[in-house]
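Down below is the structure, laid out as structure tokens.
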Amino acid sequence: MSMGNDAIDEIAKLPGRKAVVYHNITPARYFSGFNPAAEKYAEIGRRQLKDLASRAELGIADSEFNRRELEELGYARTAVVPIIVDWSAFEVKPDPVVMKALSEERTTIVTVGQLLPHKGIHDVIAAFARYRERDRGARLYLVGSTAMSAQYIERLRADVERLGLRDAVTLTGSVPIESLVAYYRGATALLTLSEHEGFCVPLLEAMRSDLPIVAYAAGAIPDTLGDAGILLNDKTPETVAAALERVVGDRDLRKDLIAKGRTRLAEFTPDRAAERLRDALALARWDLPERRARKVVVLSSDQRCGIHHYALSLTDGLRASGHDVTFVGVRHRDAKDLGAKVRHIANDTEAVIVEHEHGIFSDVPFVRALLSFWRRKIPVILSMHELEPEKFHHFRMISSALHYRPRYGKVLEFFRAPWVTLRIANWFLRYRAVLAITGAIPIHLATHSERSDRWITLLSNDARKNERFPLVLVPLEDTTLPKDGAEKRALRERLGLPADKFVFVSPGFFFRRKRFTQVIAAAPRDSVVVLSGTRSGNEPEYFDEVMDYIKERAFTNVVVNTGTRSGNEPEYFDEVMDYIKERAFTNVVVNTDYETMGQYVAAADCVVLYYEDVFQSAVAAQAIWAGLPCIFSEARGFEIYHGAGLVARDSGELAEHMREIQRPETYTRLRARVRYLQRMLAPERNADRYLTRIS
């Protein structure tokens, strides 16, 4: 908990065992007068925290300061498990513009965190003003979000003006990780004068960046800082200025603080946190099993398609986590091949993960495969990518029979109705049998979208085995991402794309629900649109409709990259090619090589996924893997990725967003969010989630 939430009162009433993980709730008084919503939910949170004391078996805090607070509220068992910082986020090249600016300054003081009253930013400005009386070239950077600052930001600006610091103090607002790394690496010292802190992550970030620290001893700061900085019990401007003088001017002190910071970081490693978490759970007689490598099979499609690439990515993620993993691909809807592949799976396999779509596995042969695993006592994790009644063969038979049309005379139709009723009953029993076995045998049922999760109780109402979580990221097949702008320009030149234009790409099979013609119509004429995919076997005519649309309207900024031409009308493809050639459309490229589809995505600037509907999207997972911002439709399957793009509710907004995303500030902001999702959804970070139900 770090703030109140309306749902917590309902969670408290649930009968299951509970533990509270507490990150500290800022006292409501710090929000009084400038942020009523935060003040309200801080008060609610404090009340909820107290109410949970009698219901929770364990209170876990991320600092000793927070643990003592839980103890005072009546939590019977408490422990400290510190925050783990994902340092992979900091493994980026520092922003060269920020680094250059800081290198030209003699003294740079940084304060990192939201600009809020309890962070003591007003005290930082006052103390810096006093320090600058002795170091006239010093500059102060206040690095952090102002989203919740409200009127407080005006007070800070007024303080800067009143103290004559307009040219010496910079309020950066939120910055991308490259800029944050640059501030840490290029600054002279980190200064924090917070009045209330539950942990203070910037202290760890500064330690890792070899940046000396001056901090006020409030809240959990002494717990986190240890001896790795100058700790102040008084934050008057004179005291703080004197401490800054020492840390800026005393070379030996700086070396000592940097060395102590490196040592201090050892207390916050993942291994140390796991050890402390295990000890904490033991207080409530909960066991955290030792992690071990397992022998796993991933079973899915052997054909090049989204779920095939997803299954391979999951396989790589499991291998990166140390598991012995075999990928087994099966031919689509081929019962004989499925049976043969299942028989060859070794009996000592500890888990079979099935990445399932109904286009791959026919219902009855799949049930036979599940029964085979059950007889051999091999646990199954069933990952359902598209789950709803219409996907099941026998449900479609029932639906078709319910709507049969009269074909005979009245007497025959009278006797026909009972016969159809019997057939419906037969199909219904088969349908329910398929559902029952499909739901009963797996030890873990996973879904990846709200749409599938809505129907998971068709298979099982056991909440302990049902789980919804997002797809892991999926690499682009046979694609090496360009390392820099020069490599990207070279890739575009190789593919025949303009080097100086903004390139949108909409990849994947040509389905009508993907609304490619609307994407083409909405695109700014000075940009390029790439349609990179293959003709769908279910809707082959849609590819021709898109080609007609391009031809009739003489779009010169569209690239169609497809691995196949129509078997029925191969000459149509040649007609479109001739049309382009005759009119010398130099910015239209039609590529027929399937192998380069991923390269077209890598060469683009933005992925457009303006779908009418979608369960979940492996294409979006590929876009995030490639580091590209997106434009999404409102389809709920894209919700998990919204932070990495703009959301268009209609074609008008789509056109606006295709212009907006080309603005440098918008693009930079979205790229930062893409990098965050890259870390959060990495296969090696999430693949073990599939195995959590294995004993």
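In the working numbering, the protein residues as written are 28 to 722.
Where is the CB? At the ideal position from N, CA and C, for every residue including glycine.
query                                                                                                                                                            : result
Of the residues E417, S172, E661 and S115, which one's Cα is nearest the Cα of L143?                                                                             : S172
Check whether the Cβ atoms of R540 and D640 lie closer than 7 Å to each other.                                                                                   : yes
Using only the alpha-carbon positions, how far apart do D505 and A517 sit?                                                                                       : 17 Å
Quick check on DSSP: helix, strand or coil for Y638?                                                                                                             : coil
Using the DSSP secondary-structure output, state which residues sit across from A103 in a beta bridge.                                                           : Paired residue(s): none; A103 is not in a bridge.
Could you tell me the boundaries of the alpha helix (DSSP H) in which S340 lies?                                                                                 : G333 to A347
I want to know whether the stretch 392 to 412 touches the stretch 349 to 366 - three or more CB-CB distances under 8 Å.                                          : yes
Go to N493, then tell me how far its beta strand (DSSP E) extends in each direction, as first and last residue.                                                  : N493 to R495
With H, G and I counted as helix, E and B as strand and the rest as coil, what does DSSP make of F531?                                                           : strand
With respect to the alpha helix (DSSP H) encompassing S389, which residues constitute its N-terminal and C-terminal limits?                                      : Segment: none, S389 is in no alpha helix (DSSP H) and carries neither H nor E.
Can the beta-carbon of Y638 be found closer than 7 Å to that of S660?                                                                                            : yes
Classify A320: buried if its beta carbon has 16 or more other beta carbons within 10 angstroms, exposed otherwise.                                               : exposed
Tell me the rounded alpha-carbon separation between S427 and R700.                                                                                               : 46 Å
Locate the alpha helix (DSSP H) running through R459, then write down its first and last residues.                                                               : K437 to A467
Measure the beta-carbon distance from A154 to P264 and round it to whole angstroms, keeping in mind my assumption that it falls under 8 Å.                       : 5 Å
By the 10 Å Cβ neighbour count, where 16 or more other Cβ atoms means buried, how is G86 classified, buried or exposed?                                          : buried
Can you tell me whether E160 is buried or exposed? The criterion is at least 16 other CB atoms within 10 Å of its CB, across all chains shown.                   : exposed
Under a Cβ-count criterion, where at least 16 other Cβ atoms within 10 Å of its own Cβ denotes burial, should P710 be classed as buried or exposed?              : buried
At which residues does the beta strand (DSSP E) containing V137 begin and terminate?                                                                             : T135 to V139
To the nearest angstrom, how far is the alpha carbon of E417 from that of L462?                                                                                  : 13 Å
For the alpha helix (DSSP H) containing Y57, name the first residue and the last one.                                                                            : Counting along the chain, Y57 falls outside any alpha helix (DSSP H), and DSSP gives it neither H nor E.
Check whether the stretch 470 to 485 touches the stretch 289 to 306, taking contact to mean three or more Cβ pairs, one atom from each stretch, closer than 8 Å. : no
Tell me which same chain residues have a C-beta within less than 6 Å of the C-beta of L485, skipping the five on either side of it?                              : L462
Between R450 and the rest of its own chain, which residues show a CB-CB distance below 7 Å, the 5 nearest in sequence each way excluded?                         : A428
Could you pull out every residue in the same chain whose Cβ sits closer than 6 Å to the Cβ of T719, ignoring the five residues on either side in sequence?       : none
Do Y158 and L271 come within 7 Å of each other at the CB atom, strictly closer than that value?                                                                  : yes
In or out: N565 buried (at least 16 other Cβ within 10 Å) or exposed?                                                                                            : exposed
Can you tell me whether S722 is buried or exposed, with buried defined as 16 or more other CB within 10 angstroms of its CB?                                     : exposed
Just checking L414 against the ligand SAM - is the residue's beta carbon closer than 6 Å to any of the ligand's heavy atoms?                                     : The ligand SAM is not part of this structure, which contains no ligands at all.
What is the DSSP secondary structure of K67, counted as helix, strand or coil?                                                                                   : helix
So for K418, helix, strand or coil by DSSP?                                                                                                                      : helix
Please look up how many angstroms separate the CB atoms of V501 and F537, rounded, as I've assumed it's under 8 Å.                                               : Contact flag wrong, Cβ pair sits at about 20 Å.
Whose C-beta lies closer than 6 Å to the C-beta of S236 among residues of the same chain, with five residues either side of it excluded?                         : Y211 and R212
Counting pairs of Cβ atoms below 8 Å between the stretch 406 to 420 and the stretch 378 to 388, do you hit three or more?                                        : yes
Residues in the same chain with beta-carbon distance under 6 Å from R281, minus the five sequence neighbours each way, listed in chain order, please.            : P239
Suppose only complete runs of 4+ residues qualify. What are the alpha helix (DSSP H) ranges in the stretch 614 to 702, listed by chain order?                    : 624 to 630, 645 to 652 and 678 to 687
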